[in-house]
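Peer 1: Just so you know, the sequences run in chain order F and X.
Each number in our numbering corresponds to the 1-based position in the first sequence with 1018 added.
Each number in our numbering corresponds to the 1-based position in the second sequence with 67 added.
Beta carbons: idealized from backbone N, C-alpha and C, even for Gly.
I am attaching a structure below and will ask some questions about it afterwards.
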Amino acid sequence: MKKKVVIAVVLLTFAAVLGAVFAVSAQEAAPLKVVYLVNGSLGDKGFYDSAASGMYQMRDELGAEIKIIEMGRDETSYEGNFIDVSEQDWDMIISGTWSVKELAQEIAVQFPDKNYIFFDGKVDYDVVSTNNMMGVNYLSNEGSFMAGALAALMLDSGDEKIDPEKRILGFVGSMDSPNINDFLVGYIEGIKYIDPEIKLMTSYVGSFEDVPKALEMTKQLYNQGAQIVFAPASQSILGAVTAAADSNKYLIGCDQDIWAQVNESDPKTASVIISSALKKVGDSLFTAVSGFADGSMTADQNYTLGLKSGAVGLAENDNFVAVVPEDIRAQLDSISEKVINGEIVVGTSFTMSTEEIAQLRDEMKP
Amino acid sequence: MPAIFSYIFSVDFFFMWIRVATPIILVALGAVVCERSGVVNLGLEGTMLIAALFGVLGSYFGKGLLPGFLLGIASALVVSLLFAFFHLVLKANNVLCGTAINTLAAGLTVFVLQMVTGEKGTSASIKSYSYPEVNIPILKDIPILGEILSGHNLLTYLAIVLLFVVMFLLFKTPLGLRIRAVGENPHAAESVGIPVVRIRFIAISICGALAGLGGMYLSMAYLPIFARDMTAGRGFISLAACAMGRANPIGVFVSALVFAFFDGLSNILQVLRIPAEFVQMMPYAATILGLTIYSIHRAHSLQRKHS
Chain F
1019 MKKKVVIAVV
1029 LLTFAAVLGA
1039 VFAVSAQEAA
1049 PLKVVYLVNG
1059 SLGDKGFYDS
1069 AASGMYQMRD
1079 ELGAEIKIIE
1089 MGRDETSYEG
1099 NFIDVSEQDW
1109 DMIISGTWSV
1119 KELAQEIAVQ
1129 FPDKNYIFFD
1139 GKVDYDVVST
1149 NNMMGVNYLS
1159 NEGSFMAGAL
1169 AALMLDSGDE
1179 KIDPEKRILG
1189 FVGSMDSPNI
1199 NDFLVGYIEG
1209 IKYIDPEIKL
1219 MTSYVGSFED
1229 VPKALEMTKQ
1239 LYNQGAQIVF
1249 APASQSILGA
1259 VTAAADSNKY
1269 LIGCDQDIWA
1279 QVNESDPKTA
1289 SVIISSALKK
1299 VGDSLFTAVS
1309 GFADGSMTAD
1319 QNYTLGLKSG
1329 AVGLAENDNF
1339 VAVVPEDIRA
1349 QLDSISEKVI
1359 NGEIVVGTSF
1369 TMSTEEIAQL
1379 RDEMKP
Chain X
68 MPAIFSYIFS
78 VDFFFMWIRV
88 ATPIILVALG
98 AVVCERSGVV
108 NLGLEGTMLI
118 AALFGVLGSY
128 FGKGLLPGFL
138 LGIASALVVS
148 LLFAFFHLVL
158 KANNVLCGTA
168 INTLAAGLTV
178 FVLQMVTGEK
188 GTSASIKSYS
198 YPEVNIPILK
208 DIPILGEILS
218 GHNLLTYLAI
228 VLLFVVMFLL
238 FKTPLGLRIR
248 AVGENPHAAE
258 SVGIPVVRIR
268 FIAISICGAL
278 AGLGGMYLSM
288 AYLPIFARDM
298 TAGRGFISLA
308 ACAMGRANPI
318 GVFVSALVFA
328 FFDGLSNILQ
338 VLRIPAEFVQ
348 MMPYAATILG
358 LTIYSIHRAH
368 SLQRKHS
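And the structure:
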């Protein structure tokens, strides 16, 4: 009997010690909890997927507990989602793009104890006086400036897919909205920097999903003489890629390295994508969250990332190296340096009025 | 201004016009059969989307075009029968059933897509097959006309053939007569022993198969991939074309061409100095205008009949 009691006591003590050890270690490794509210759906092969890749990186490298909530395009559901996650115990609540900016800022003020990251736009600290929202914004215009320079330089590369007599380039965007127009403004300035005589035709799909429409519009640009098209067209970019492959003309992708993605399943189609104007949203979110965790970045300021930080720029993949001649690549490098050291200042759509953008766009039309 | 005309009267534009019109013609013909039987099938958009996905998946798993075709049509039939069952047997409102089908399709396609490919946006990572393009002998050698009419996708020519098939079916066969009788006056039809529900089941199935072809045209002819929500309102435009064409195959064919014309126009007009939003509005404005003209015309002819 006594023996049994002793054993029981020993076992209990053992269990208690074990439990305590586990509890302590669990406390030590209390994972960082990060949630990302997507104001759209994943699978766009671009912006949102890139942001999600940053989330997965946090999970894998920081051991963070992550959650990605796809809110779809129903804007009426956004506020409820923001309030829900703000009432839960997330350490960091991430959202982005201009369409949720005002809502995200309002929520941040309502929940001053929570921390937020807002990306792809500047946080307005007159509104967020609670200083609990970090802004991460990108100089997309610098990346697309490089795309414009690349397209303009390629006109004289002597490539067989390009007719140097036709000094026309193309642009197909998903929506006539500030963030897409930032790409447009940079692209136009990049083209003008190389040769102010080059004309540019612009189209907007008017939808994020209508892939056949993106295909038709891109095809029309090529039919009407565009030699290279730049396509910040969100998910419908694959329509633009198909159009380029059908027309046997070059295309410049956007946000993510589209060539690398298409090359896996269809190398022949992918070969027309000479580069992409990258916007490394995922990398920057990872940096922002880890910076916030170790205290090197704070939630009371905007961080602006451009060519200098490597967050935007051209995708210099195998196809880029294969298609773009060496001297053009060297020229691009020196242009990139000039942008980085401030010799070239690229304009942005965010400081322009709608009329000014429309005027710029119309001036470029042939 | 003259620049517009040089764009419109180009071979490229006419070729594109036919390409843009094809899915609308196919689906609108389906809507005609349904409408004639007295059922407005609002679920066409969803049926298209589901067939677009399953066509791609069928060709991927079956490693050929035929399995894709079969699975695409089969999936469209299943969805249509589901619609028919709820609407005809359980007597649910057809607007609700159609909306339910569309909502279901939007979610289901993404879910299945992710299960198979691991991606939520497009099927670009799997190898699927497309319907071939057909060069018509003799015709293709005629200058201009050949460039416009030859070299289209197999489904485009099939759409033209189906136009006549649907006409024949509706106006020359006993089944067509029954479909029309059921649509005109179900009670009268029933009183002479026509099984109304069964005839409508058949009409909805035919409609589903046609909508399935229209959906597969998007993912296996227009583009080599399926992308979420890629139908982007084409099912509804087809319904409008059906209404504007007064459910008459030829009228519907012409209406579909009108819509496609404005859609095609919106693809090229932006290149000129016309605001993007105005251009994007045009196909839909044309729809509303068309329906208005149609109903005014109808009101007039009714008045004449009564006076």
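Label residue 150 of chain X either buried or exposed according to how many other C-beta atoms from any shown protein chain fall within 10 Å of its C-beta, with 16 as the threshold for buried.
Peer 2: Along the second sequence, read from residue 1 onward, the residue named residue 150 of chain X stands at position 83. By the neighbour-count rule (16 or more Cβ atoms within 10 Å), residue 150 of chain X is buried.
Peer 1: When the Cα of residue 272 of chain X is compared with those of X/251, X/152, X/210 and X/295, which residue comes out closest?
Peer 2: Locating residue 272 of chain X in the second sequence gives position 205, where the first residue counts as 1. The shortest Cα separation from residue 272 of chain X among X/251, X/152, X/210 and X/295 belongs to X/152.
Peer 1: Could you pull the start and end residues of the alpha helix (DSSP H) that residue 224 of chain X belongs to?
Peer 2: Here residue 224 of chain X refers to the residue found at position 157 of the second sequence. Per DSSP, residue 224 of chain X belongs to the alpha helix (DSSP H) from 221-239.
Peer 1: Between the Cα of residue 1288 of chain F and those of F/1279, F/1226 and F/1295, spot the shortest distance and give me the residue it belongs to.
Peer 2: Working through the first sequence from its first residue, we reach residue 1288 of chain F at position 270. For the residues F/1279, F/1226 and F/1295, the minimum Cα distance to residue 1288 of chain F belongs to F/1279.
Peer 1: Just to make sure I have the definition right: I need the residues of chain X whose C-beta is within less than 8 angstroms of the C-beta of residue 1283 of chain F. Which are they?
Peer 2: For the purposes of this step, residue 1283 of chain F is identified with residue 265 of the first sequence, where counting begins at 1. Chain X residues near residue 1283 of chain F: 191, 192, 193 and 194.
Peer 1: Grab the span of the alpha helix (DSSP H) containing residue 1240 of chain F for me, first residue to last.
Peer 2: Counting from one through the first sequence, the residue named residue 1240 of chain F turns up at place 222. Where residue 1240 of chain F is concerned, the enclosing alpha helix (DSSP H) stretches over 1229-1241.
Peer 1: Tell me the DSSP bridge mates of residue 1313 of chain F?
Peer 2: Here residue 1313 of chain F is taken as the residue at index 295 of the first sequence, counted from 1. Per DSSP, none; premise fails for residue 1313 of chain F.
Peer 1: Return no unless some Cβ of chain F is closer than 9 angstroms to the Cβ of residue 344 of chain X.
Peer 2: Taking the first residue of the second sequence as position 1, residue 344 of chain X is located at position 277. Closer than 9 angstroms: yes.
Peer 1: Consider the Cβ of residue 1280 of chain F: report whether some Cβ of chain X lies at a distance smaller than 9 angstroms.
Peer 2: As a first step, residue 1280 of chain F must be located in the first sequence, where it is residue number 262. True, the Cβ-Cβ gap to chain X drops below 9 angstroms.
Peer 1: Would residue 306 of chain X pass as a contact of residue 109 of chain X if the rule is Cβ separation under 9 angstroms?
Peer 2: In the second sequence, the residue the question calls residue 306 of chain X occupies position 239. In the second sequence, the residue the question calls residue 109 of chain X occupies position 42. Yes, these two residues count as a Cβ contact at 9 angstroms.
Peer 1: Around the C-beta of residue 1182 of chain F, are 16 or more other C-beta atoms found within 10 angstroms, so that it is buried, or is it exposed?
Peer 2: Taking the first sequence and counting its residues from 1, the one referred to as residue 1182 of chain F is at position 164. That one is exposed.
Peer 1: Short of 7 angstroms Cβ to Cβ, which residues in the segment 289-315 of chain X face chain F?
Peer 2: Result list: 289, 290, 291, 292, 294, 295, 296, 297 and 299.
Peer 1: For residue 281 of chain X, which residues from the same chain have a beta carbon less than 6 angstroms from its beta carbon, with the 5 sequence-adjacent residues on both sides left out?
Peer 2: As a position in the second sequence, residue 281 of chain X is number 214, starting the count at 1. Same-chain partners within the cutoff: 90, 93, 94 and 115.
Peer 1: Would the beta-carbon of residue 1263 of chain F fall within 9 angstroms of that of residue 1235 of chain F?
Peer 2: Taking the first sequence and counting its residues from 1, the one referred to as residue 1263 of chain F is at position 245. Taking the first sequence and counting its residues from 1, the one referred to as residue 1235 of chain F is at position 217. Not closer than 9 angstroms, so no.
Peer 1: Tell me, to the nearest whole angstrom, how far the beta carbon of residue 972 of chain F is from that of residue 1294 of chain F; I am working on the premise that it is less than 8 angstroms.
Peer 2: It is not possible to answer for residue 972 of chain F, since the shown part of chain F is limited to 1019 through 1384.
Peer 1: Are at least three pairs of beta-carbons, each pair with one atom in the segment 219-237 of chain X and one in the segment 199-209 of chain X, less than 8 angstroms apart?
Peer 2: As far as the Cβ criterion goes, the segment 219-237 of chain X touches the segment 199-209 of chain X, which means the pair count is three or higher.
Peer 1: On the three-state DSSP scale, how would you describe residue 1193 of chain F?
Peer 2: Translated into positions along the first sequence, residue 1193 of chain F becomes position 175. Reduced to three states, the DSSP call for residue 1193 of chain F is coil.
Peer 1: Just to check my reading of the structure: residue 1053 of chain F and residue 1066 of chain F have Cβ atoms closer than 8 angstroms, yes? What is that Cβ distance to the nearest angstrom?
Peer 2: Taking the first sequence and counting its residues from 1, the one referred to as residue 1053 of chain F is at position 35. Taking the first sequence and counting its residues from 1, the one referred to as residue 1066 of chain F is at position 48. About 15 angstroms; that fails the 8 angstroms criterion.
Peer 1: For residue 124 of chain X and residue 1297 of chain F, I'd like the C-alpha separation in whole angstroms.
Peer 2: For the purposes of this step, residue 124 of chain X is identified with residue 57 of the second sequence, where counting begins at 1. For the purposes of this step, residue 1297 of chain F is identified with residue 279 of the first sequence, where counting begins at 1. About 32 angstroms.
Peer 1: Using a threshold of 9 angstroms, state whether the C-beta atoms of residue 1320 of chain F and residue 1132 of chain F are closer than that.
Peer 2: Reading the first sequence from its first residue, position 302 is the one you call residue 1320 of chain F. Reading the first sequence from its first residue, position 114 is the one you call residue 1132 of chain F. No, they are not a contact pair.
Peer 1: Just how far apart, CA to CA, sit residue 1226 of chain F and residue 1232 of chain F?
Peer 2: Position 208 of the first sequence, counted from the first residue, corresponds to residue 1226 of chain F. Position 214 of the first sequence, counted from the first residue, corresponds to residue 1232 of chain F. Cα-Cα distance, rounded: 9 angstroms.
Peer 1: Spell out the partners DSSP gives residue 294 of chain X in its beta bridges.
Peer 2: Here residue 294 of chain X is taken as the residue at index 227 of the second sequence, counted from 1. X/189, per the DSSP bridge assignment.
Peer 1: Run through chain X and tell me which residues come within less than 8 angstroms of residue 1227 of chain F, C-beta to C-beta.
Peer 2: Indexing the first sequence from 1 puts residue 1227 of chain F at position 209. Within chain X, the residues near residue 1227 of chain F are 294, 295, 296, 297 and 299.
Peer 1: What is the DSSP secondary structure of residue 136 of chain X, counted as helix, strand or coil?
Peer 2: On the second sequence, position 69 is the one that residue 136 of chain X refers to. Here residue 136 of chain X sits in helix by DSSP.
Peer 1: Quick one: which chain X residues come within Cβ less than 8 angstroms of residue 1059 of chain F?
Peer 2: The residue you call residue 1059 of chain F lines up with position 41 of the first sequence. What residue 1059 of chain F touches in chain X: 177, 187, 188 and 295.
Peer 1: Can you tell which of X/346, X/331, X/355 and X/365 has its C-alpha closest to the C-alpha of residue 77 of chain X?
Peer 2: By one-based count along the second sequence, residue 77 of chain X stands at place 10. Ranking X/346, X/331, X/355 and X/365 by Cα distance to residue 77 of chain X puts X/331 first.
Peer 1: Keeping to the same chain, check which residues put their C-beta closer than 6 angstroms to that of residue 234 of chain X; ignore five residues upstream and five downstream.
Peer 2: By 1-based counting over the second sequence, the position of residue 234 of chain X is 167. If we look at residue 234 of chain X and ignore the five residues flanking it on each side, its Cβ neighbours are 316.
Peer 1: Would you verify that the beta carbon of residue 131 of chain X is, or is not, closer than 9 angstroms to some beta carbon of chain F?
Peer 2: Counting from 1 along the second sequence, the entry for residue 131 of chain X is found at position 64. So, not an interface residue.
Peer 1: Span of the alpha helix (DSSP H) holding residue 1074 of chain F?
Peer 2: The count along the first sequence starts at 1 and reaches residue 1074 of chain F at position 56. Here the alpha helix (DSSP H) through residue 1074 of chain F covers 1065-1080.
Peer 1: Is it the case that the segment 287-299 of chain X contacts the segment 1195-1206 of chain F, given that we only count it when at least three CB pairs across the two stretches are under 8 angstroms?
Peer 2: No: fewer than three Cβ pairs fall under 8 angstroms.
Peer 1: When you compare only the Cα positions, how much space is there between residue 81 of chain X and residue 163 of chain X?
Peer 2: What you label residue 81 of chain X is simply residue 14 of the second sequence in a count that begins at 1. What you label residue 163 of chain X is simply residue 96 of the second sequence in a count that begins at 1. Spanning the two alpha carbons is a distance of roughly 38 angstroms.
Peer 1: CB-CB under 6 angstroms to residue 97 of chain X, same chain, minus the five flanking residues each way: which ones, in chain order?
Peer 2: Mapped onto the second sequence, residue 97 of chain X falls at position 30. The answer, listed in chain order, is 274, 277 and 278.
Peer 1: Around the Cβ of residue 371 of chain X, are there at least 16 other Cβ atoms within 10 angstroms (buried) or fewer (exposed)?
Peer 2: Position 304 of the second sequence, counted from the first residue, corresponds to residue 371 of chain X. It counts as exposed.
Peer 1: Since residue 1320 of chain F sits in a beta bridge, which residues does DSSP pair it with?
Peer 2: As a working mapping, residue 1320 of chain F is identified with position 302 in the first sequence. For residue 1320 of chain F, which the question treats as bridged, DSSP gives the partners F/1153.
Peer 1: Just checking: is the beta-carbon of residue 1080 of chain F within a distance shorter than 9 angstroms of some beta-carbon in chain X?
Peer 2: Taking the first sequence and counting its residues from 1, the one referred to as residue 1080 of chain F is at position 62. No, residue 1080 of chain F lies away from the interface with chain X (no Cβ there is under 9 angstroms from its Cβ).
Peer 1: Looking at the unbroken alpha helix (DSSP H) that takes in residue 127 of chain X, where does it start and where does it end?
Peer 2: Residue mapping note: residue 127 of chain X aligns to position 60 of the second sequence, counting from 1. Segment 111-129, the alpha helix (DSSP H) holding residue 127 of chain X.
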